[in-house]
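A.B. asks: Below is the structure I would like to discuss, written out as structure tokens.
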Amino acid sequence: MSVTPPGPLGDPLFGNGRQFADDPFGFLRACADSYGDVVRLDLDPRETYLLTNPADVERVLVADAERYRKPQFDD
168 MSVTPPGPLG DPLFGNGRQF ADDPFGFLRA CADSYGDVVR LDLDPRETYL
218 LTNPADVERV LVADAERYRK PQFDD
């Protein structure tokens with residue numbers, strides 16, 4: 168069973184885009200502090216996640232990289 172990670176509520180039209188644009192690093196830090204190691208963000212038409220645990224980042228980018236889709240934002 169898959170569980171969607173928690174994340175901040177966004178504007179119906181802009182998602183979390185305005186919050187992110189106002190203070191990107193502050194917004195991401197607040198998300199990590201509020202929601203934990205894996206946070207779902209509404210920043211793009213695709214599912215977007217913030218990973219803050221170094222072991223999770225290593226798994227996604229190195230150890231099991233082929234299992235995770237990582238599109239460019241301009242795709």
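Under my numbering, the first residue of the sequence shown is numbered 168, with each subsequent residue one higher.
Ideal Cβ placement from N, Cα and C applies to all residues, glycine included.
Could you check if residue 123 is buried or exposed, using at least 16 other CB atoms within 10 Å of its CB as the buried criterion?
C.D. replies: The structure shown does not extend to residue 123, since the chain spans only 168 to 242, so no value can be given for it.
A.B. asks: Quick one: what's got a C-beta closer than 6 Å to residue 235's C-beta in the same chain, skipping five residues either side?
C.D. replies: 227
A.B. asks: Hey, residue 210 and residue 192: beta-carbon distance below 8 Å or not?
C.D. replies: no
A.B. asks: Taking residue 180 as the reference, give the member of 233, 225, 223 and 212 with the closest Cα.
C.D. replies: 212
A.B. asks: Please name the residue in 207, 200, 222 and 203 whose C-alpha comes closest to that of residue 184.
C.D. replies: 207
A.B. asks: What number of angstroms, rounded off, separates the C-alpha of residue 171 from the C-alpha of residue 199?
C.D. replies: Spanning the two alpha carbons is a distance of roughly 15 Å.
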